[in-house]
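Colleague: My questions will all concern the structure given below.
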Amino acid sequence: MSDLSNVFDSSVTDKGKEHEDSMAENSNVDKNKETRKDTSTEPTNRDIMNCLKMIGKRIDGVEVKLQSLGDLVKKMDDFEVELKNIRCLVNNHTKKVDERIQKVEDKVEGTDMTIGLMASRVEELEEERDNLKDDVAYLKSQSMRNNLIFTGVAETGINEGYEQTEANLSQHLVDAMKIQKEVADNIQFESVHRSPREPLPRKTRSIVAKFTYFKDRELVRKQWKNLSTHCVQRNCTINHSYVKRNQRIIDLKCMK
324 MSDLSNVFDS SVTDKGKEHE DSMAENSNVD KNKETRKDTS TEPTNRDIMN
374 CLKMIGKRID GVEVKLQSLG DLVKKMDDFE VELKNIRCLV NNHTKKVDER
424 IQKVEDKVEG TDMTIGLMAS RVEELEEERD NLKDDVAYLK SQSMRNNLIF
474 TGVAETGINE GYEQTEANLS QHLVDAMKIQ KEVADNIQFE SVHRSPREPL
524 PRKTRSIVAK FTYFKDRELV RKQWKNLSTH CVQRNCTINH SYVKRNQRII
574 DLKCMK
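324 is the number of the first residue of the sequence shown in the working numbering; add one for each residue after it.
Following this line, the structure appears as structure tokens:
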């Protein structure tokens, strides 16, 4: 029994030693593996230098880009200043243009007012002109109201004077129109003249007589029936435009 226990103890002791030896070997293997693993992942100095160079290049690129950005910012600032200047210039120009436009509008309004006043004044002048024409026509018709034209009264000579023409007319009133001599001598004339002024060859000029009194003119006019066919008496023509404007019809002809 003692021998068996010794054998069992020795076998157990041997197995324990073998186990310890195997465990030690396994631990050594693991340490070697870990050592190899650590040795394979650790960077070298060359790798570090290359990495630093790459980082430096990237930093240089970043600095270049930052410098470009700085230049761009400066240009933007300059551009903003130029925009402000342009804006000021445009505002000033716009203000001047607005002032000019306002002046032009004021002048146009003043011109319109002036044109309106001138048009009103022109209308007034035209009305005054028409009134003056009417007045002149009326005065002309009134001045010719006492006129009579006598034809067929013989001329005594080429150089017949006004007195001789009046004497011939007075004698014509007695001979041709059968007016009494006393009445004919009392008839007063403002003017008596031949028409036209210059003598006509082989033709007797008419006599234009303006009576001083309208009653004498009417007295002579009513005697036209006593005239022969070659001796005609008629009134001077008045301004018919005046008659039409006043819507009056006046026939001063004593014989057609």
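Note that the Cβ used here is the ideal one computed from N, Cα and C, for glycine as well.
What whole-angstrom Cβ distance do residue 528 and residue 519 have, given they're in contact under 8 Å?
Modeller: Numbered from its first residue, the sequence shown carries residue 528 at position 205. Numbered from its first residue, the sequence shown carries residue 519 at position 196. That belief holds up - the Cβ atoms of residue 528 and residue 519 are roughly 7 Å apart, short of 8 Å.
Colleague: Going residue by residue through the stretch 410-491, where are the continuous beta strand (DSSP E) segments of at least 3 residues, counting only ones entirely within it?
Modeller: 470-473, all fully within the stretch 410-491.
Colleague: Residue 530 to residue 496, Cα distance in whole Å?
Modeller: Counting from 1 along the sequence shown, the entry for residue 530 is found at position 207. Counting from 1 along the sequence shown, the entry for residue 496 is found at position 173. Computed Cα separation, rounded: 12 Å.
Colleague: By how many angstroms is the C-alpha of residue 501 removed from the C-alpha of residue 552?
Modeller: Along the sequence shown, read from residue 1 onward, the residue named residue 552 stands at position 229. Along the sequence shown, read from residue 1 onward, the residue named residue 501 stands at position 178. Residue confidence for residue 552 is low, a pLDDT of 48 falling below 50, so the modelled location carries little weight and cannot support an answer.
Colleague: Out of 515, 469 and 447, state which residue places its alpha-carbon closest to the alpha-carbon of residue 542.
Modeller: Stepping through the sequence shown from its first residue, residue 542 is reached at position 219. Taking only the C-alpha atoms, the option nearest residue 542 is 469.
Colleague: By the 10 Å Cβ neighbour count, where 16 or more other Cβ atoms means buried, how is residue 492 classified, buried or exposed?
Modeller: The residue labelled residue 492 in the question sits at position 169 within the sequence shown. Residue 492 should be labelled buried.
Colleague: To the nearest angstrom, how far is the alpha carbon of residue 432 from that of residue 465?
Modeller: Working through the sequence shown from its first residue, we reach residue 432 at position 109. Working through the sequence shown from its first residue, we reach residue 465 at position 142. Roughly 49 Å between the two C-alpha positions.
Colleague: Just list the residues that DSSP pairs residue 531 with in beta bridges.
Modeller: Counting from 1 along the sequence shown, the entry for residue 531 is found at position 208. DSSP output for residue 531 lists 472 and 516 as bridge partner(s).
Colleague: Along the chain, where does the alpha helix (DSSP H) containing residue 545 start, and where does it finish?
Modeller: For the purposes of this step, residue 545 is identified with residue 222 of the sequence shown, where counting begins at 1. Premise fails: residue 545 is in no alpha helix (DSSP H) and is neither H nor E.
Colleague: Closest to residue 474 by C-alpha separation, out of 388, 550, 371 and 366, would be which residue?
Modeller: Taking the first residue of the sequence shown as position 1, residue 474 is located at position 151. Among 388, 550, 371 and 366, the Cα nearest to that of residue 474 is on 550.
Colleague: Around the Cβ of residue 371, are there at least 16 other Cβ atoms within 10 angstroms (buried) or fewer (exposed)?
Modeller: Counting from 1 along the sequence shown, the entry for residue 371 is found at position 48. Residue 371 comes out exposed.
Colleague: Whose C-alpha, out of 540, 392 and 417, is nearest the C-alpha of residue 507?
Modeller: As a first step, residue 507 must be located in the sequence shown, where it is residue number 184. It is 540.
Colleague: For the alpha helix (DSSP H) that contains residue 501, what are its first and last residues?
Modeller: Taking the sequence shown and counting its residues from 1, the one referred to as residue 501 is at position 178. Looking at the DSSP string, residue 501 is not in any alpha helix (DSSP H), and its letter there is neither H nor E.
Colleague: Assuming contact is defined by CB atoms lying nearer than 7 Å, are residue 532 and residue 462 in contact in what I supplied?
Modeller: Numbered from 1 along the sequence shown, position 209 holds the residue referred to as residue 532. Numbered from 1 along the sequence shown, position 139 holds the residue referred to as residue 462. Result no, Cβ atoms of residue 532 and residue 462 do not sit closer than 7 Å.
Colleague: Nearest-angstrom Cα distance between residue 453 and residue 548?
Modeller: As a first step, residue 453 must be located in the sequence shown, where it is residue number 130. As a first step, residue 548 must be located in the sequence shown, where it is residue number 225. Roughly 40 Å between the two C-alpha positions.
Colleague: Looking at the structure shown, is residue 523 part of a helix, part of a strand, or coil, going by DSSP?
Modeller: Position 200 of the sequence shown, counted from the start, is the residue given in the question as residue 523. Residue 523 falls in the strand class under three-state DSSP.
Colleague: Taking only three categories from DSSP, how would you classify residue 392?
Modeller: By 1-based counting over the sequence shown, the position of residue 392 is 69. Residue 392: helix per DSSP, three-state reduction.
Colleague: Kindly indicate which residue of 483, 517, 476 and 487 has the alpha-carbon position closest to the one of residue 499.
Modeller: As a first step, residue 499 must be located in the sequence shown, where it is residue number 176. Closest option to residue 499, Cα to Cα, is 476.
Colleague: What number of angstroms, rounded off, separates the C-alpha of residue 504 from the C-alpha of residue 523?
Modeller: For the purposes of this step, residue 504 is taken as the residue at position 181 of the sequence shown. For the purposes of this step, residue 523 is taken as the residue at position 200 of the sequence shown. Approximately 30 Å between the Cα atoms of the pair.
Colleague: Looking only at its chain, what residues have a beta carbon closer than 7 Å to the beta carbon of residue 546, apart from the 5 residues adjacent to it on each side?
Modeller: Against the sequence shown, residue 546 aligns to sequence position 223. The answer, listed in chain order, is 500, 501 and 502.
Colleague: With distances taken between CB atoms, is the gap from residue 513 to residue 535 smaller than 7 Å?
Modeller: Looking up residue 513 in the sequence shown gives position 190. Looking up residue 535 in the sequence shown gives position 212. Yes; because the gap between Cβ atoms is below 7 Å, this pair is in contact.
Colleague: On the CB-based measure, 16 or more other CB atoms within 10 Å of its CB, does residue 517 come out buried or exposed?
Modeller: Start at 1 with the first residue of the sequence shown, and residue 517 comes out as number 194. Classification of residue 517: buried, given that the 10 Å Cβ count is 16 or more.
Colleague: Write down the C-beta distance between residue 485 and residue 515 rounded to the nearest angstrom, noting that I regard them as a contact closer than 8 Å.
Modeller: For the purposes of this step, residue 485 is taken as the residue at position 162 of the sequence shown. For the purposes of this step, residue 515 is taken as the residue at position 192 of the sequence shown. With a Cβ gap of about 6 Å, residue 485 and residue 515 count as contacting.
Colleague: Which of the three DSSP states is assigned to residue 365 in this structure?
Modeller: In the sequence shown, residue 365 corresponds to position 42, counting from 1. It is coil, neither helix nor strand.
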